[in-house]
Amino acid sequence: MTTTVLSPHDSSDSVQAPVAPSADAGPWESAQSQLASAVRTLGYSSGLHQMLARPRRELSVSIPLRRDDGSVEILTGYRVQHNFSRGPAKGGLRYSPEVSLDEVRALAMWMTWKCALLDVPYGGAKGGITIDPRNYSQQELERVTRRYTSEILPVIGPEKDIPAPDIGTDEQTMAWMMDTYSVNVGYTVPGVVTGKPVSVGGSLGRASATSRGVVHVALAALRQAGITPAGSTAAVQGFGKVGAGAAEFLAEAGVAVVAVGDQYGAIYNAAGLEIKALTEHVRETGSVVGFEGSEAIGSEELLELEVDLLVPAAVEGVLHGGNAGRVRAKVIVEGANGPTTAAADSVFRENGVLVVPDILANAGGVIVSYFEWVQGNQAYWWTAAEVEERLEQRMLAAWENVLAVAARRGLSLREAATVTAVERVAEAHLTRGLYP
Ligand code: NAD
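What the sequence shown shows, in the numbering used here, is residues 11 to 446, in sequence order.
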């Protein structure tokens with residue numbers, strides 16, 4: 011039998027075995043290995059596997075920047091669109107010195123699975139610029155953003171691909187993107203980006219959505235592990251858009267957040283940190299370090315504390331083969347994308363640590379981005395309470411579904427989430443058929 015890309019299954023011996031990632035593979039290898047494992051569970055053909063493994067489009071652009079001192083620097087940016095089978099591509103824009111094409115590819119693939127898992131009508135994409143935003147003025151960042159937007163303009167739009175904030179970008183970045191796109195097409199297009207300021211069509215509740223979603227599933231996961239959230243303890247790595255909100259909502263739920271960290275260091279207080287005061291300290295100083303009423307600890311130490319809940323909410327690959335065996339948290343909820351390498355995942359599985367995967371745990375952002383896009387397309391705005399209620403419903407429904415699939419198929423939560431998502435994307439692809 012000839013295997014075509016449109017046949018979901020072929021004889022089991024032609025189904026590809028998972029790529030065995032090296033002990034601590036990078037994000038693209040991790041993403042490929044997770045897909046390969048889902049494909050094996052689903053028994054898909056190698057043609058369908060390749061279709062899901064390869065991004066539909068990858069764009070690399072040079073971004074000439076005129077610096078404030080008059081010199082010119084050429085930066086590199088990317089936009090990767092992994093899949094469109096279920097709708098326009100959707101995904102964040104990252105400004106970080108670590109950005110590479112492989113990282114953006116992995117993040118785009120994870121967006122495809124996340125959107126499918128949460129049943130929002132999008133495919134996955136991601137963008138990035140290799141830049142350390144701390145070394146540039148606001149005016150320089152505005153010029154970088156506008157030039158990058160105009161370079162990728164042909165492939166974005168409310169029906170094509172809709173960027174949103176990620177590491178190193180924020181509401182203001184989205185406002186510049188929306189303005190640049192709108193000026194180029196000749197009319198205002200709020201739906202080209204999400205995570206915009208409310209004054210230009212952003213949604214109430216978007217800024218806190220990822221953190222709220224993380225905490226909805228974190229509280230459910232603690233209960234699942236037999237731990238009562240009120241009075242339990244947590245450590246949070248990353249105190250940015252995701253981590254700071256997660257710490258705040260955990261504290262509101264009665265969880266003692268005993269440690270938080272950022273790229274400059276980490277702090278600890280056994281009785282629980284005062285999160286509102288800490289947020290104020292970070293606003294004033296730019297870091298959690300030096301917060302009154304806390305002691306300094308090492309960034310690695312934070313990940314290995316004896317706590318009920320660990321929320322990595324910073325960058326990829328922080329939980330790896332080298333430290334996973336020393337992690338003492340009972341539950342890990344991935345606020346960041348890809349914080350756990352495949353090697354660490356196996357260790358956590360052996361040690362009975364409950365890991366709630368990124369594509370479920372941090373999906374609150376894309377859910378409310380979807381709500382923002384819906385509201386913008388209808389020019390009809392919801393209240394903050396409506397947004398938050400619908401967010402909670404979707405997060406908890408997805409959590410219950412992943413739990414049920416994991417139990418039924420005997421999979422980890424990550425495997426169950428990936429299998430569910432991959433199956434939905436494959437079904438859309440097979441139903442549409444292959445053109446031409
Ligand atoms: P951010 O730029 O607002 O904050 C990042 C935080 O991580 C900062 O506190 C920074 O100091 C810290 N950090 C960076 N490198 C670190 C390191 N090596 N060790 C410890 N801390 C470090 O970014 P964000 O939007 O909060 O994103 C964080 C993670 O969450 C990323 O993986 C991102 O892809 C993911 N995410 C974000 C959203 C969103 O809506 N913003 C949605 C889904 C997933």
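Even for Gly, the Cβ is constructed at its ideal location relative to N, Cα and C.
In this text, all values refer to a predicted model and were calculated from it rather than measured experimentally.
Following the DSSP letters along the chain, one finds Gln91 in no alpha helix (DSSP H) but inside the beta strand (DSSP E) bounded by residues 82 to 93. The Cβ atoms of Pro207 and Glu181 lie closer than 8 Å to each other. In this structure, the beta-carbon distance from Leu128 to Ser70 does not fall below 8 Å. In the DSSP annotation of this structure, the continuous segment of the beta strand (DSSP E) that includes Ile139 starts and ends at 133 to 140. Between the ligand NAD and the CB of Ser309, the shortest heavy atom gap is smaller than 7 Å. By the criterion of a C-beta distance shorter than 7 Å, Pro131 is surrounded in its chain by Arg96, Gly97, once the five residues flanking it on both sides are discounted. Taking the Cβ atoms as the reference, Glu326 lies roughly 29 Å from Pro74, outside the contact range of under 8 Å. Taking the Cα positions, Arg442 is about 25 Å away from Ile369. In its chain, beyond the 5 residues on either side, Ala426, Thr430 have a beta carbon closer than 6 Å to the beta carbon of Val415. In terms of Cα proximity to Val343, the closest of His330, Gly332, Ala371, Ser356 is Ala371. Restricting attention to Ala63, Glu150, Ile166, Lys251, the CA atom closest to the CA of Gly137 is found in Ile166. Boundaries of the alpha helix (DSSP H) harbouring Leu229: 219 to 234, taken from the DSSP string. Leu214 and Trp392 have their C-alpha atoms spaced approximately 8 Å apart. Assignment of beta-bridge partners to Gln247 by DSSP yields Gly271, Pro322. Around the beta carbon of Ile84, fewer than 16 other beta carbons sit within 10 angstroms, so the residue counts as exposed. In the DSSP assignment, the residues bridged to Glu68 are Val90. According to DSSP, residue pairing for Leu103 in a beta bridge involves Gly137, Pro175.
Contact check between the segment 320 to 335 and the segment 285 to 292: fewer than three CB pairs, one atom from each, fall below 8 Å, which does not count as touching. In this structure, the ligand NAD has a non-hydrogen atom nearer than 7 Å to the beta-carbon of Val325. The C-alpha of Glu402 lies about 7 Å from the C-alpha of His226.
With a cut-off of 8 Å on Cβ pairs, the segment 263 to 282 is in contact with the segment 241 to 249, counting three or more such pairs.
The C-beta separation of Ile141 from Tyr105 comes to about 5 Å, placing the pair in contact by the 8 Å criterion.
Sequence-distant partners of Ala185 (beyond 5 residues in either direction) whose C-beta falls short of 8 Å from its own C-beta, in its chain, are Lys206, Pro207, Val210. Assignment of beta-bridge partners to Ala276 by DSSP yields Gly271, Ile307. Straight-line spacing of the CA atoms in Val252 and Gly178 works out to 12 Å. When the Cα atoms are used, Val357 and Ala63 turn out to be separated by approximately 26 Å. Contact between Trp409 and Ala230 holds: their C-beta atoms lie close to 5 Å from each other, under 8 Å.
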